[in-house]
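Colleague: Protein chains in written order, with our numbering: chain A, 1 to 142; chain B, 1001 to 1142.
Even for Gly, the Cβ is constructed at its ideal location relative to N, Cα and C.
Structural data, given as structure tokens:
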């Protein structure tokens, strides 16, 4: 329970407080791949995290072939970070796309949330690793 | 050639100019994993890049089982990033460890470069992806 509380606190600090998140996928040749993304659009605790992105991109293609994913949040000034592992679903249905759509997105997607080049990513997390003070803690979420 | 020149320029800007790099590995269950690292200790162009790290860590263990790796460098203010893919070798030999050892490391490794908890990582890069201005360029290095 104590671990779980620390995870919730760190999630609030790092997921909501940092502008960038780093998304990891595995490419078609088995190589890990990293991309910087803006912070998530929505989250339900640390179990389900939603992003928006353009389509197609390498990471969308990777996740369509292999859902295994990680997302990394890092406060480099305080040497604290959070690594979440789980499955990433590429959601092209109007309900999911509407959920992550925000005012201002029309600057990049003039066709609105229905644009084919706009998709939602739903990340279901099964484990969390907390790094800080030169130590690591694993928090299983299943 | 023009692509190659852009890559060298961006490498100088991002690899040498940013404090952090992000290392990607694949864990024993096939999930991608990301860790922030300090900037590389040494590089020969973008083909060979050396890091120092402590041992054992998850990433050292991952690379000992699966050498496929990526390293990501990102300038978030200018929306430019560089993703390198290749093979990471964990080097525990004195020659490699001496190569990456720097003054000040004894604060963390009182036993010096010979410490068992100090290792070198040698990254051999086979492809580079440059991101900037909402576009991607791939530069094969083989």
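When the Cα of residue 1066(B) is compared with those of 31(A), 55(A), 49(A), 78(A), which residue comes out closest?
Modeller: Taking only the C-alpha atoms, the option nearest residue 1066(B) is 31(A).
Colleague: Out of 1029(B), 1078(B), 1101(B), 1060(B), which one is the CA nearest neighbour of residue 1132(B)?
Modeller: The residue with the shortest Cα to Cα distance from residue 1132(B) is 1078(B).
Colleague: Measure from the alpha carbon of residue 144(A) to the alpha carbon of each residue in 95(A), 118(A), 99(A), 96(A), then state which is nearest.
Modeller: Missing from the structure shown is residue 144(A); chain A here goes from 1 to 142 and no further.
Colleague: Can you find a CB in chain B that lies within less than 7 Å of the CB of residue 32(A)?
Modeller: Yes - at least one Cβ of chain B is within 7 Å of the one on residue 32(A).
Colleague: For residue 25(A), return the contacting residues in chain B, with the cut-off set at a CB-CB distance below 8 Å.
Modeller: Neighbours of residue 25(A) on chain B, chain order: 1032.
Colleague: Pull up the distance between the alpha-carbon of residue 23(A) and that of residue 1054(B), whole angstroms please.
Modeller: Whole-angstrom Cα-Cα distance: 24 Å.
Colleague: Within its chain, find whatever has a CB closer than 8 Å to the CB of residue 1048(B); leave out the 5 residues flanking it on each side and keep chain order.
Modeller: So the list reads 1122, 1123, 1124, 1125, once near-sequence residues are dropped.
Colleague: Which chain B residues sit within Cβ distance under 7 Å of residue 206(A)?
Modeller: No answer is possible for residue 206(A): it lies beyond the span of chain A, which begins at 1 and ends at 142.
Colleague: Are there three or more Cβ pairs, one per stretch, closer than 8 Å when the segment 1034-1043 of chain B is compared with the segment 1008-1016 of chain B?
Modeller: The segment 1034-1043 of chain B is in contact with the segment 1008-1016 of chain B.
Colleague: Using a Cβ-Cβ distance under 7 Å, would residue 1036(B) count as near chain A?
Modeller: It does: the Cβ of residue 1036(B) has a partner Cβ on chain A nearer than 7 Å.
Colleague: Assuming residue 25(A) and residue 62(A) are in contact, meaning their beta carbons sit under 8 Å apart, how far apart are those beta carbons, in whole angstroms?
Modeller: About 4 Å separates the two Cβ atoms, so the contact holds.
Colleague: Is it right to say residue 76(A) is buried, meaning 16 or more other beta carbons lie within 10 angstroms of its own, or is it exposed?
Modeller: When all chains shown are included, residue 76(A) counts as exposed.
Colleague: Near residue 1113(B), which residues of its chain fall below 6 Å by C-beta distance, leaving aside the five closest residues on each side in sequence?
Modeller: Contacts found: 1097, 1098, 1101.
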